[in-house]
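Take a look at the structure set out below.
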Amino acid sequence: MEVDLYATDWAESGRLPLIEETSTLGTLAPKDKLISVLDQVELRVERLRRDTTRIEEEKDSLLSTLDSIKHSELLSDITECDKDDIARYADRIVARATTTEGGRERPGRPTQQNTPVNMYIDKLVMSVHDDTVLAHTRCQAYMNACTSQPDDSSGTDKNFETAILGCTLDDQKRVKKRLEGLLDYFAKLNITTFS
């Protein structure tokens, strides 16, 4: 019994892994066969988790790029009509990007699965074009909630801290990585916070 290895990427093909009762594992005890299948499935689940994290990071990067386009200095060199066209086009892409979800369920208490951390970060990304300095300050406050040694020059967002504490340790690390990426983006924009 083993997972059908013919479907090299069953997540993309839409096929579920097949469990074959007769296989090269025929000499193993039933428990060992089942353990072997579980090991193979676990490897695929871990790859899926990594891919989901990568996709979420790519989404953040794309939203940052769209924000840069919407505030590009190149817009000053085109007509108002063209600016409106570009703004509508970018807004349409942003709307589509913000409706995508990785769909990764987190194990643990039900409160862990429903934490609004991603909502906080998505709102933060969307607020960048309204007030970049405020968004940077908020991002730093979120980062302070994720670390044991917060930056003394900015505060900690207590609501975000409550939400992040409801997450698993893996999710806390993933969120911290997303926030680090956003802070890097702000650094490229040469944004400074106000105290």
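Residue numbers for the sequence shown follow my numbering, beginning at 117 and rising by one. Beta carbons are placed, not taken as given, at the ideal position from N, Cα and C, and that holds for glycine. Bear in mind the structure is a predicted one, so any value in this text is a computation, not a measurement.
If you draw a 10 Å sphere on the C-beta of S177, you find fewer than 16 other C-beta atoms in it, and that means exposed. Excluding sequence positions up to five before and after T263, its CB lies within less than 8 Å of the CB of K292, all in the same chain and listed in chain order.
The residue from L179, N306, H187 and D155 with its alpha-carbon nearest to that of R212 is L179.
Three or more pairs of CB atoms, one per stretch, sit closer than 8 Å, so the segment 181 to 191 contacts the segment 233 to 250. Unbroken alpha helix (DSSP H) stretches of 4 residues or longer found wholly inside the segment 238 to 282: 248 to 261 and 274 to 281, given in chain order.
Pairing S188 with D148, the inter-Cα distance amounts to about 60 Å. In this model, G271 and H252 are separated by some 12 Å (Cα to Cα). Close CB contacts of T195 within its chain, under the 8 Å cut and outside five residues either way in sequence, are absent. The C-beta separation of D238 from Q256 comes to about 17 Å, leaving the pair out of contact by the 8 Å criterion. Taken atom to atom, the span from the alpha-carbon of R163 to that of E172 is near 14 Å.
Annotated as distal: K199 and L190, with beta-carbon spacing of 8 Å or more. Setting aside the 5 residues that flank it on each side, L295 is surrounded in the same chain by C255, Y258, M259 and C262, each with a C-beta closer than 7 Å to its C-beta; the list follows chain order.
For the pair S152 and L144, the CB atoms are nearer than the 8 Å cut-off.
Counting along the chain, no alpha helix (DSSP H) covers L191, and no H or E run does either. Distance from the CA atom of Y301 to the CA atom of L150, rounded to whole angstroms, is 47 Å. Collapsing the DSSP output to three states places N234 in a helix.
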